[in-house]
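Numbering (my numbering), first residue to last: 308 to 366.
Here's the structure we're looking at; comments come further down.
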């Protein structure tokens, strides 16, 4: 659902955390979209600074 996609994006990113949990990925931005026509959700993540969050770690 739209809410699940949004929650997943927030759970991964440090910025989405209200209590700044330590397991959140730093310098990652997550976005979610909901496509009504296909009843589909899409989640995308952008790695902002690879020196802070290693590419291999973010996978």
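Using N, Cα and C, we set each Cβ at its ideal position, and we do this for glycine too.
From a predicted model like this one, the values you see are computed outputs, not experimental measurements.
{"Asked": "Does at least one heavy atom of the ligand FAD sit under 8 Å from the Cβ of residue 357?", "Found": "As for the ligand FAD, it is missing from this structure, which has no ligand bound."}
{"Asked": "Here's the rule: buried if 16 or more other CB atoms are within 10 angstroms of the residue's CB, otherwise exposed. What is residue 316?", "Found": "buried"}
{"Asked": "Taking all protein chains shown into account, decide if residue 337 is buried (16 or more other Cβ within 10 angstroms of its Cβ) or exposed.", "Found": "buried"}
{"Asked": "Out of 312, 319, 349, 354, point me to the one whose CA is closest to residue 334's CA.", "Found": "354"}
{"Asked": "Ends of the beta strand (DSSP E) at residue 319?", "Found": "Unbroken run through residue 319 is the alpha helix (DSSP H), 309-319; no beta strand (DSSP E)."}
{"Asked": "Thinking just about the alpha-carbon of each residue, which of 318, 347, 339, 340 is nearest to the one in residue 332?", "Found": "318"}
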